[in-house]
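Trainee: Top to bottom, those sequences are chains A and B. Residue 49 in numbering that gives the first Met the number 0 is what sits at position 50 of the first sequence, and the numbering runs on without skipping anything. Residue 391 in numbering that gives the first Met the number 0 is what sits at position 392 of the second sequence, and the numbering runs on without skipping anything.
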Amino acid sequence: MMPSLPDRRARPGRQAGLDKAATEFPEDVAAAAEAAAQAQRACAGGGQPTDEPWPPMRARTTS
Amino acid sequence: MSDAHWLTATEISAAYAARHLSPVELVRALLDRIAALDPRVHAFIKVDAEAALDAAGLAEREIAAGRSRGPLHGVPVGIKDIIDVAGLPTTCHSKLLLDHVATADAEVTARLRAAGAIILGKLALHEFAIGGPAFDLPFPPARNPWNTSHHPGGSSSGSGAALAAGLVPLALGTDTGGSVRNPAGACGVVGLKPTYGLVSRRGVFPLAFTLDHVGPMARSVGDVALLLDTLAGHDPADPGSVATASRRFGEDLGRGVRGLRIGFVRHFHETDLTADPEIAAALDEAARVLEGEGAHVRTVTLPSLREFSGVQRVIMLANPGPFTPAGCASVPGDYSASSRRKLMSGAFLSAGDYVSAQQRRSALIGSRGRRVPRRGRAPVRQRHGPRVSHRRRGGRGAHLSAPGPQPVQSDRASRRSP
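1) Quick check on the DSSP output: the beta strand (DSSP E) that includes K79 (chain B) runs from which residue to which?
2) Nearest by alpha-carbon distance to D222 (chain B): which of B:A163, B:V241, B:P70 and B:P331 is it?
3) Where does the unbroken beta strand (DSSP E) through V40 (chain B) begin, and where does it stop?
4) By DSSP's criteria, L171 (chain B) is part of a beta bridge. Which residues make up the other side?
5) Identify the residues that DSSP records as bridge partners of I118 (chain B): which are they?
6) Taking 8 Å as the threshold (C-beta atoms), are G249 (chain B) and V299 (chain B) in contact?
7) Which partner residues does T298 (chain B) have in the DSSP bridge list?
8) I need the DSSP call for V46 (chain B), collapsed to helix, strand or coil.
9) Quick one, which residues of the region 26-37 of chain A are near chain B if we go by CB-CB under 8 Å, in chain order?
10) For G73 (chain B) and A54 (chain B), I'd like the C-alpha separation in whole angstroms.
11) Beta-carbon within less than 8 Å of G56 (chain B)'s beta-carbon, same chain only, minus the 5 sequence neighbours each way: which residues are those?
12) Answer with yes or no whether the minimum CB distance from S344 (chain B) to chain A is below 8 Å.
13) Mind checking if F248 (chain B) is an interface residue toward chain A, Cβ cutoff 8 Å exclusive?
14) Rank B:R201, B:S308 and B:G253 by C-alpha distance to the C-alpha of R110 (chain B) and give the top, closest one.
15) What does the alpha-carbon distance come out to for the pair P52 (chain A) and I364 (chain B)?
16) Identify which residue in B:D352, B:R339 and B:R359 has its Cα closest to the Cα of L95 (chain B).
17) Where S156 (chain B) and R142 (chain B) are concerned, what is the direct C-alpha to C-alpha distance, given to the nearest angstrom?
18) Between G165 (chain B) and L20 (chain B), what straight-line distance do the alpha-carbon atoms span, to the nearest angstrom?
19) Taking just the CA atoms, how far does A328 (chain B) sit from R395 (chain B)?
20) Using a Cβ-Cβ distance under 8 Å, would A336 (chain B) count as near chain A?
21) When you compare the CB of A58 (chain A) with every CB in chain B, is at least one pair closer than 8 Å?
22) Let me confirm a value: E306 (chain B) is counted as buried when at least 16 other C-beta atoms fall within 10 Å, else exposed. Which label applies?
23) Of all Cβ atoms in chain A, is any one closer than 8 Å to the Cβ of A356 (chain B)?
24) Please determine, among B:A231, B:K121 and B:L25, the residue with the shortest C-alpha to C-alpha distance to H92 (chain B).
25) Could you pull out every residue in the same chain whose Cβ sits closer than 8 Å to the Cβ of I117 (chain B), ignoring the five residues on either side in sequence?
26) For P48 (chain A), count neighbouring Cβ atoms within 10 angstroms of its own Cβ and tell me buried if that reaches 16, exposed if not.
27) For R18 (chain B), I'd like the list of residues in its chain whose CB is within less than 6 Å of its CB, leaving aside the five on either flank, ordered along the chain.
28) What's the C-alpha gap between L17 (chain A) and V330 (chain B)?
29) Grouping DSSP H, G and I as helix and E and B as strand, with all else coil, what is H99 (chain B)?
30) Assuming P151 (chain B) contacts A185 (chain B) (C-beta within less than 8 Å), just tell me the rounded distance between them.
31) Closest to A133 (chain B) by C-alpha separation, out of B:H41, B:S355, B:A13 and B:H212, would be which residue?
32) Assign A133 (chain B) to one of three DSSP states: helix, strand, or coil.
33) With a threshold of 8 Å between beta-carbons, can E126 (chain B) be considered close to chain A, or not?
34) What does the alpha-carbon distance come out to for the pair E10 (chain B) and A236 (chain B)?
35) Contact between the region 267-276 of chain B and the region 214-234 of chain B: three or more CB pairs below 8 Å?
36) Where does the unbroken alpha helix (DSSP H) through F307 (chain B) begin, and where does it stop?
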């Protein structure tokens, strides 16, 4: 049986560990998921897998 | 002295030296003004009147005895309520931290005290420096003193509003994605996001560790430089702090811009995120004025604003402070709707997304370094349009629709709100 619309909208939130929020604030969880997807799309591509992430790792010594 | 509330820190220091004004007189005048105006502006979360008057009395005695501590001695300052002041709550404008009392000063607070500055109180912000102006929090959102139906920008909303209303001559803000520069622009004051590592973040509630900065705010460029002189310096207790040579940040003020090379990133506001015509015209006029004063302004092309913004958002949302997204998972109703939506976004981002964004960040930093000359400048538009209404939306918060450029800066002020 096809899940109901509220169930379908809440599912990503539950998968992300936001069960309580998905129940109490399903619209906010859906908006959060969409905002994350937009940010992912905006910075997807263009990078090189060999690029050093920022900030670069720094070795430290202790005396 | 009438109108003492509009004096800059530089003018206050001179007035103290000339015995035209005393710290106690100034603090009393500001407390009176806060009592009269803040019920409409809502810039303050906490006014620490008693401690401020005590500190003013001490400063007055020291200055009278010829023991001046420098240009900030006896000058009042407001602190964004995300920065610790020992003995006062650091609420982050949130229900979750109403009873969270700081046991020690943040490094920046300690530096201000050592310089003789007077802590006047804690200033409003967007919840955890990430939510928007909201009406479902324990404190009302700050209003823009130029028009109290308008938003003062954020997240250092109280800092911008307090300066523009003449409630404080100096303020501290924090900036993770425009939170000093945005309210500075919206309120017509001056704000600076310092170079990462220059100012300690110890004792400042974190939002995104690799993006967080403490920034000085004031009504003049000279005052921002004075404030930065006091704030900057190595702090071994902040892992991001950098040891740099001591310098006076205002030493080049007044020397003009002749010979300064300025990269103008036109595509940010012309095509990437089309600016309001009023703002686009103001940017062009600024470029013309700078050229007229002898600066070399040339158009430069960077990666798209959308990419800068996307990378910043992934890093900020996936790299949250201690209350998110786990906090949203356990007590979602204790957050404002605005911050709840933003903070929960982090739950939908993976470690891989975060590392990819940090890799792309390196490339974006490199692209800016190649195209904007060393010691050059890149003026860009303000985050929002010229006017953003501060209207309620379903009783939950104001709507700010424009995503915006992160590197925003306001460098002209000294106007007075009506």
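Quick reminder that beta carbons are idealized off the backbone N, C-alpha and C, glycines included.
Mentor: Reading off the structure:
1) P75 to K79
2) B:P70
3) From DSSP, V40 (chain B) is part of no beta strand (DSSP E) but of the alpha helix (DSSP H) over P22 to V40.
4) B:I78 and B:P215
5) Residue pairing for I118 (chain B): DSSP places it in a beta bridge opposite B:V76.
6) no
7) B:F263
8) strand
9) From the region 26-37 of chain A, only D27, V28, A30, A31, A32, A34, A35, A36 and Q37 have a Cβ closer than 8 Å to chain B.
10) 8 Å
11) Take G56 (chain B), set aside five residues on each side of it, and the residues of its chain with a beta-carbon closer than 8 Å to its own are P22 and V23, in chain order.
12) yes
13) no
14) Closest option to R110 (chain B), Cα to Cα, is B:R201.
15) 11 Å
16) B:R339
17) Rounded to the nearest angstrom, the two C-alpha atoms are 8 Å apart.
18) 17 Å
19) Residue placement at R395 (chain B) cannot be trusted, given a pLDDT of 42 that sits under 50; the coordinates are not used to answer.
20) yes
21) Not one beta carbon of chain B lies nearer than 8 Å to the beta carbon of A58 (chain A).
22) buried
23) yes
24) B:K121
25) P22, V26, A51, A54, A55, A58, G73, V74, P75 and V76
26) exposed
27) Nothing listed; no residue qualifies.
28) Between L17 (chain A) and V330 (chain B), the C-alpha separation is close to 10 Å.
29) coil
30) That pair is a contact at about 5 Å.
31) B:H41
32) In the structure shown, A133 (chain B) sits in a strand (DSSP, three-state: E or B).
33) no
34) 34 Å
35) Output reads no: the region 214-234 of chain B does not touch the region 267-276 of chain B.
36) L304 to A317
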